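Only one structure is covered here, and it is reproduced in the block below.
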Amino acid sequence: MIEVRRLTKRYGPFTAVDDVSFEVGEGEVLGFIGPNGAGKTTTMRILTGFLPATEGDARVAGFDVFEAPMEVKKRVGYLPETPPLYRELSVGQYLAFVAELRGVPSKERFRRIGDAMERVGLRGWEQRILGSLSKGYRQRVGLAQALVHDPPVLILDEPTSGLDPAQTAEVRELMRELAGERTVVLSTHILREVEALCDRVVMIYKGQVVAAGTLDEVRQIAASVRYEVEVDADAATAATAIGGLAEVATVEPTERGLVVRAKTDPRPAIASLAHDRGWAVRGLTRVVPTLEEAFLAVVEREG
Amino acid sequence: MSGAWTILKKELRIYFVSPVAYAFLGVFLFLAGLFFYMGIALTGEASLRVMLGNLSIAMIFVLPMLTMRHFAEEQRGGTFELMMTAPLPLSSLIVGKWLASLVLCLLMLTGTLLFPAVLAYYGDPDWGVVFTSYVGLACCCAAFCATGLFASSLTNDQVAAGMGGIVLLLPFWLIGNAATYVDEAWRAPLEQLGFLTHLQSFTKGVVDTADLFWFACFTFVFLFLTFRTLESRRWR
């Protein structure tokens, strides 16, 4: 549904997006993660046709963003970082304007606006003036705006930024509903969100893709699986003994016990070693890194 | 151009749901009334010449205030991104906004028709001249709105956009006066640059196609510059 190939965007000497490539299949939810200023917004702006790329190309819903921008724009719903609202208008007036702007036929407009408002929990809010809405409700109107023309592709730039926890949960719930029927690209720097919502992840740092794939793949690319071992024995002795096992690559004493990295699962070997030496085992756990850790590992590695 | 119609409706709605439109209508009518009184009191003739001449100059200061929010506000509020990611050609966006400010200006002008009516009650104005004078002022509206829009496209600060519009328009007023003080050879071309020169025949009851063409060109040049400015913004 979305194909990005060797995309580069330079502002003078500054390279905001550097040779980025990725693909998103139909119905997939892609999480676009990276610290602030990594190039997420720039990439999304290129995909929506707001900014031209310096090099490379991008296709959305089968149309080239640079050659057929109008066709792409018809098929994309876009929520920028701050919802693009006119403070003076009411919710209903605003959505009617956006629907007309996006070319929703006048016969369908009323129904579509109703659907979009229903979807984001804005029923009965038609008359409210946008300037008087709270941040959470503005975000909902922003989402309704992106949905009103029923686009097959949604591009959402930090859809939960600045929301309180209850609102965040609601927006996530909505995303989950939307996933599957639509192709969604969402950017965030909240990693929990990606873990909750996305099928696949593209991790971007300083304009470059540093990791891409399914959640598990990205976690493994970025930081390997580790094992935490807690035994009733002198830390140094235990570390040397466990380090001597064939499966184990490194052993590191930490305040939580010994952190072991290994090529294959070393737990049976560690357990029998502890049994032979008569150590009581308090913990022996396989730890898959969180995306947070993966992310930090990548940032650290890339400097 | 159906996109321009959508924009036109939206802009007019924003003008009229906020106090902006009413404030401008009020100020403009007040100024017109002042000029009308001055014209009658000073000359003692049943003519709108003074009022209409002064109004064209007042428009240099009022119209940029009316157009200043257009692109400046869209850029600041992030709605420019909405416009540029909708299937709407940039030209439709500009034309829609220009038409909206023009409609509001023409409404302000319509309000001043009160004064010819007063004149008709007490005297016998030359209706032909009144009509062509209004055509001339409408031309000024079209041209000045285009200039104001251009100023608005240059910055995302509303006040700067308003002031910028006035600064852009002032030379086209003053250059006509300056022409009096220069050599014969330079006088005619300089006079041609000033808009008062082109308004003159309208106030005498003549609609000259050359003057209409001048205003059309003036409008087109500024709308075109607006287009280029907004387009180049994307590339920076």
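Protein sequences appear in the order of chains A and B.
Position in the first sequence counted from 1, then plus 29, gives you our numbering.
Position in the second sequence counted from 1, then plus 21, gives you our numbering.
The C-beta atom is built at its ideal place from N, Cα and C for all residues, glycine as well.
All figures in this text were calculated on a predicted structure; none of them were measured in a lab.
For the C-beta of residue 39 of chain B, the chain A residues within less than 7 Å are, from N- to C-terminus, 117. Contact annotation: residue 107 of chain A and residue 77 of chain A have beta-carbon atoms nearer than 8 Å. Within the stretch 228 to 265 of chain A, the complete beta strand (DSSP E) segments at least 3 residues long are 229 to 234, 237 to 243 and 255 to 260, listed from N- to C-terminus.
Fully enclosed beta strand (DSSP E) runs of no fewer than 3 residues occupy 286 to 291 of the stretch 278 to 306 of chain A, in order along the chain. Excluding the 5 residues flanking it on each side, residue 149 of chain A has same chain C-beta neighbours closer than 8 Å at 169, 170, 172, 173, 176 and 203, in chain order. By the Cβ test, the stretch 216 to 225 of chain A is in contact with the stretch 56 to 72 of chain A, since at least three Cβ pairs between them sit closer than 8 Å. Following the DSSP letters along the chain, one finds residue 225 of chain B in no beta strand (DSSP E), marked with neither H nor E. The beta-carbon separation of residue 279 of chain A and residue 290 of chain A, rounded to 5 Å, stays under the 8 Å limit for a contact. Residues of chain A with a Cβ closer than 7 Å to the Cβ of residue 102 of chain B are, in chain order, 79, 109 and 113.
Contacts with chain B (Cβ-Cβ distance below 8 Å) from the stretch 122 to 140 of chain A involve 122, 126, 127, 129, 130, 131 and 132, listed in chain order. Runs of alpha helix (DSSP H) with 4 or more residues, each lying fully within the stretch 82 to 141 of chain B, are found at 90 to 98, 100 to 105 and 111 to 132, listed in chain order. Exclusion of the five residues before and after residue 145 of chain B leaves 67 as the residues of its chain whose Cβ lies within less than 7 Å of its Cβ. In the DSSP assignment, the residues bridged to residue 38 of chain A are A:46.
The CB of residue 59 of chain B never comes closer than 9 Å to any CB in chain A; the least such distance is about 36 Å.
The beta strand (DSSP E) runs lying completely inside the stretch 89 to 153 of chain A and spanning 3 residues or more are 105 to 108, given in chain order. By the C-beta density criterion, residue 166 of chain B is buried, having at least 16 other C-beta atoms within 10 angstroms.
Secondary structure of residue 211 of chain A (DSSP, three-state): strand. A distance below 6 Å between beta-carbons, with the five flanking residues on each side excluded, links residue 75 of chain B to the following residues of its chain, in chain order: 56.
For residue 103 of chain A, at least one C-beta of chain B is nearer than 8 Å to its own C-beta. With distances taken between CA atoms, residue 225 of chain B lies nearest to B:155 out of B:155, B:162, B:249 and B:215. At the C-beta level, residue 89 of chain A and residue 74 of chain A stay beyond 8 Å of one another. In chain order, 189 place their CB closer than 7 Å to the CB of residue 197 of chain A, counting only its own chain and leaving out the 5 sequence neighbours on each side. Contacts with chain A at 8 Å (Cβ-Cβ) do not include residue 249 of chain B. Under DSSP, residue 68 of chain A forms no beta bridge with any residue.
Following the DSSP letters along the chain, one finds residue 187 of chain B inside the alpha helix (DSSP H) bounded by residues 179 to 199. Residue 96 of chain B counts as buried, since at least 16 other C-beta atoms from the protein chains shown sit within 10 angstroms of its C-beta. Between the stretch 190 to 202 of chain B and the stretch 75 to 94 of chain B, the count of Cβ pairs shorter than 8 Å is three or higher; the stretches touch. Counting along the chain, no beta strand (DSSP E) covers residue 24 of chain B; the unbroken alpha helix (DSSP H) around it starts and ends at 23 to 38. Residue 136 of chain B sits away from residue 62 of chain B, with the two beta carbons spaced by 8 Å or more. Approximately 39 Å separates the beta-carbon atoms of residue 229 of chain A and residue 260 of chain A; this is outside 8 Å, ruling out the contact. Within chain B, no residue has its CB atom less than 9 Å from the CB of residue 232 of chain A, the nearest being about 25 Å off. The CB of residue 88 of chain B never comes closer than 9 Å to any CB in chain A; the least such distance is about 16 Å. Between residue 79 of chain A and residue 131 of chain B, the gap from beta carbon to beta carbon reaches 8 Å or more. Sequence-ordered contacts of the stretch 41 to 56 of chain B with chain A are nonexistent [C-beta pairs closer than 7 Å].
At least 8 Å separates the CB of residue 30 of chain A from every CB of chain B. With contacts defined by Cβ atoms closer than 8 Å, residue 216 of chain B and residue 163 of chain B do not form a contacting pair.
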